[in-house]
Amino acid sequence: MTFQQEISSWKSPKALTTYPVPEIGERAPTSDKLPTPHANGKPTVITFLRHCGCPFAEKTYSQLRNVAAKHPDINFVAVSHSDQEATDKWVISVGGEWDTEVVVDAEREAYAQWGLGVSSAWHVLNPWSLYSVYKLGKAENIWNKPTESGNRWQTSGSFAVDERGVVRWVKVANAADDVPDFKEALKALGVEV
Numbered sequence: 015m016t017f018q019q020e021i022s023s024w025k026s027p028k029a030l031t032t033y034p035v036p037e038i039g040e041r042a043p044t045s046d047k048l049p050t051p052h053a054n055g056k057p058t059v060i061t062f063l064r065h066c067g068c069p070f071a072e073k074t075y076s077q078l079r080n081v082a083a084k085h086p087d088i089n090f091v092a093v094s095h096s097d098q099e100a101t102d103k104w105v106i107s108v109g110g111e112w113d114t115e116v117v118v119d120a121e122r123e124a125y126a127q128w129g130l131g132v133s134s135a136w137h138v139l140n141p142w143s144l145y146s147v148y149k150l151g152k153a154e155n156i157w158n159k160p161t162e163s164g165n166r167w168q169t170s171g172s173f174a175v176d177e178r179g180v181v182r183w184v185k186v187a188n189a190a191d192d193v194p195d196f197k198e199a200l201k202a203l204g205v206e207v
């Protein structure tokens with residue numbers, strides 16, 4: 015990681031056409047990178063992460079892995095907008111893939127397809143989110159890591175999609191520190207938790 019890479023993560027990303035966030039009961043967006051329904055016919059929980067290096071991305075991914083380990087009958091997919099090399103290094107640094115699938119979307123096309131655009135400065139730098147960085151670090155020893163690729167302004171979000179490709183749960187982050195509760199995704203898929 016270089017100083018230039020870290021600074022680049024603060025630059026506004028290329029503008030993309032961002033579609034509306036899919037609503038519960040609608041068909042989920044699909045693409046070659048992130049096909050829905052999943053090819054194996056199982057329901058899928060998808061989380062679009064903030065940049066690799068963000069403590070809230072790490073917390074989200076950790077929770078996704080923990081839930082995935084207990085529910086092999088469901089696919090758990092994490093989408094990263096950092097490049098492949100940075101994503102691979104970050105995944106190893108935070109404990110590995112375990113029972114999840116990691117998809118790299120460095121162009122952020124899947125993010126835009128799922129309604130996840132660029133956030134505001136308030137979304138990222140509000141005092142509550144900044145204080146949450148400190149709290150998360152003190153409570154769980156999850157701190158900022160170097161940002162080799164990706165962008166701090168990209169909004170995160172999570173979805174549950176059933177075996178037919180229908181959206182059953184939606185959680186778009188209201189701020190950078192808004193970490194999803196994947197138990198809610200499981201309940202929406204009819205799983206007892």
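Residue numbers (this note's numbering): 15 to 207.
C-beta atoms are modelled at their ideal positions from N, C-alpha and C, and glycine is treated no differently.
Assigned with DSSP and collapsed to three states, residue 182 falls in strand. In the DSSP annotation of this structure, the continuous segment of the beta strand (DSSP E) that includes residue 58 starts and ends at 58-62. Residue state for residue 35 is assigned as coil, using DSSP reduced to three classes. Look at residue 71 here: in three-state DSSP terms it is helix.
A contact between stretches requires three or more CB pairs, one per stretch, nearer than 8 Å, and the segment 37-45 meets this requirement with the segment 176-191. Residue 146 holds the alpha-carbon nearest to the alpha-carbon of residue 190 among 87, 146 and 126.
A distance below 7 Å between beta-carbons, with the five flanking residues on each side excluded, links residue 55 to the following residues of its chain, in chain order: 177.
The residue among 120, 169 and 159 with its C-alpha nearest the C-alpha of residue 72 is 159. Per the Cβ contact rule, the segment 117-132 is not in contact with the segment 69-89 (fewer than 3 Cβ pairs under 8 Å). Beta-bridge pairing by DSSP links residue 168 to 132. The C-beta separation of residue 129 from residue 35 comes to about 3 Å, placing the pair in contact by the 8 Å criterion. Around the beta-carbon of residue 58, 16 or more other beta-carbon atoms lie within 10 Å, marking it buried. One thing to note: residue 170 has its Cβ no nearer than 8 Å to the Cβ of residue 48. Looking only at 185, 198, 204 and 123, the smallest Cα-Cα distance to residue 45 is reached by 123. The alpha carbon of residue 200 has as its nearest neighbour, out of 87, 29, 33 and 65, the alpha carbon of 87. Look at residue 122 here: in three-state DSSP terms it is coil, with no helix or strand label.
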